[in-house]
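Undergrad: Got a structure for you, written out below as C-alpha cells; questions coming shortly.
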Ligand code: AMP
Ligand code: MN
Ligand code: MN
Ligand code: MN
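Numbering (the working numbering), first residue to last: 19 to 302.
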C-alpha cells in the first residue's frame, strides 16, 4: 500500500499578528485537523515561531518557519510569503522591525482619522484586542464590530478601512526588491500570497511575476483559502505558464471565520510543481 500523501497548509496566522489563536493553540488545532506540514506566516513578524516550533516538535508536526511580508508595489499593497526562513537572520529581523514601526504609526493615525469622523476610542480598542502584539486593520475591524458600528468584519473593511474610506491610511511598506533580498538572505523561498486577491489585470500580474522572479522569487499560491474554484484554475494556468512553484495555504486566522479551516484545501491542480517537491525544500 502506498503512503498517504502529506497534508500541507503553508499559510496561517496566530495572535502574534492578526490571528486569534496562540501559536500553541494554532499548531494543536492544525495537528487535530490532520495537517502534517504547517507554515506559520504572521504579518511582518517572526514572534510566534519559537512557541509554534516547540509545540510542533511535541506533536510530531512539521513546522515551516515563515512570514507574510507587506510590500508596496505600484501604489498597491501586496503580500509576499517567506517560507523556510531562518528566524535568527538579522537582516530579516531588522527589515520586519521597520514595517512594524510603520504599523505602530499607522494604528495611531487610523485612530485619529476615525475619531475625526466621530468614532472615538478605536485605537485603544484595537490595541486591547491585539494584546500587546502588532496592531492591524483586523483588530480595528473587530473592535468596530464589538462597538456596534457594523455587523461584520467584512462590512467594516468596506465602510471604513479601504481606499477612500475614513479610516484608511495608505500602506508605506517595503519595496518588492528589498523584501525579496530579506527573504533570500534568510535562506527562505519567496512566494506571492493569494495572487487572485489583488484584482490586477492579467498583464499587470505578469509584470509583477517578472519583477518577482528577477528579484529571486520562486513561487505563487495557487490553492488559497481566499481563492475561489475559478481563481484556482486561473492561477494554476498562470503558475504553469510562468514556471513558478505552486504553494497551497488556508490563510487561517482563527475559528471565528467559519469558511476557512486549517488543512481542508482543494488538491493541487495537475501539472503544477508544488514548492515542497523543489530541490530547495528542506528535507525534514
Ligand atoms: P493589515 O496588514 O493590518 O493592513 O491588514 C490586512 C489584513 O486584514 C489581511 O491580512 C486580512 O486578514 C484582513 N482583511 C483584509 N481585507 C479584508 C476584508 N475585506 N474582510 C476581512 N478581512 C480583511
Ligand atoms: Mn491577516
Ligand atoms: Mn495576505
Ligand atoms: Mn495571510
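Glycine included, every Cβ here is placed at the ideal spot set by N, Cα and C.
Starting from the N-terminal end, write out each residue whose C-beta falls within a distance shorter than 6 Å of any non-hydrogen atom of ligand 2.
TA: Spelled out in chain order, the answer is 31, 36, 61, 156 and 271.
Undergrad: Within the present structure, is the beta-carbon of residue 59 separated from the nearest heavy atom of ligand 4 by less than 8 Å?
TA: Yes.
Undergrad: Would you report the Cα separation of residue 274 and residue 160, rounded to the nearest angstrom?
TA: Taking the straight line from one Cα to the other gives about 11 Å.
Undergrad: Please name the residue, chosen from 29, 28 and 92, that lies closest to residue 218 on a Cα-to-Cα basis.
TA: Among 29, 28 and 92, the Cα nearest to that of residue 218 belongs to 92.
Undergrad: Against chain B, with Cβ distances strictly below 9 Å, would residue 272 count as a contact?
TA: The structure shown contains no chain B; it holds only a single protein chain.
Undergrad: Given residue 67, which residues of its chain have a CB within under 7 Å of its CB, disregarding the five upstream and five downstream residues?
TA: Contacts found: 58, 83 and 105.
Undergrad: Within 10 angstroms of its Cβ, does residue 22 collect 16 or more other Cβ (buried), or is it exposed?
TA: Classification for residue 22: exposed.
Undergrad: Exposed or buried, which one is residue 294 when buried takes at least 16 other CB atoms within 10 Å?
TA: Buried.
Undergrad: Could you tell me whether the Cβ atoms of residue 110 and residue 208 are closer together than 9 Å?
TA: No, the pair does not count as a contact, with Cβ atoms beyond the cut-off.
Undergrad: Tell me residue 83's beta-bridge partners as DSSP assigns them.
TA: The partner list for residue 83 (beta bridge, DSSP) reads 58.
Undergrad: With distances taken from CA atoms, which of 216, 287 and 85 is nearest residue 206?
TA: If we check each option's Cα against that of residue 206, 85 comes out closest.
Undergrad: Alpha carbons only, please: which of 194, 263 and 253 is nearest the one belonging to residue 236?
TA: The shortest C-alpha separation from residue 236 is found at 263.
Undergrad: Once you ignore the five residues that flank residue 24 on each side, which residues in its own chain have a CB closer than 7 Å to its CB?
TA: Excluding positions up to five away in sequence, the list reads 54 and 55.
Undergrad: Consider the C-beta atom of residue 219 and the heavy atoms of ligand 1; say whether any pair is separated by less than 8 Å.
TA: Residue 219 Cβ: outside cutoff for every heavy atom of ligand 1.
Undergrad: Taking only heavy atoms of ligand 3 into account, decide whether any of them is closer than 8 Å to the Cβ of residue 208.
TA: No.
Undergrad: Output the residues surrounding ligand 6, defined as those with a CB atom closer than 5 Å to any ligand heavy atom, in chain order.
TA: Of the ligands this structure carries, namely ligand 1, ligand 2, ligand 3 and ligand 4, none is ligand 6.
Undergrad: On the three-state DSSP scale, how would you describe residue 27?
TA: It is a strand residue.
Undergrad: Starting from residue 229 and walking both ways along the alpha helix (DSSP H), at which residues does that stretch end?
TA: Element bounds for residue 229: 220-232.
Undergrad: For the alpha helix (DSSP H) containing residue 160, list its first residue and its last residue.
TA: That run of the alpha helix (DSSP H) goes 155-164.
Undergrad: Leaving out five residues before and five after residue 186 in sequence, what residues of the same chain have Cβ atoms less than 7 Å from its Cβ?
TA: So the list reads 179 and 180, once near-sequence residues are dropped.
Undergrad: Going by DSSP, which residues form a beta bridge with residue 97?
TA: According to DSSP, residue 97 bridges with 88.
Undergrad: If we count the other Cβ atoms within 10 Å of its Cβ and call it buried at 16 or more, is residue 41 buried or exposed?
TA: Under this definition residue 41 is a buried residue.
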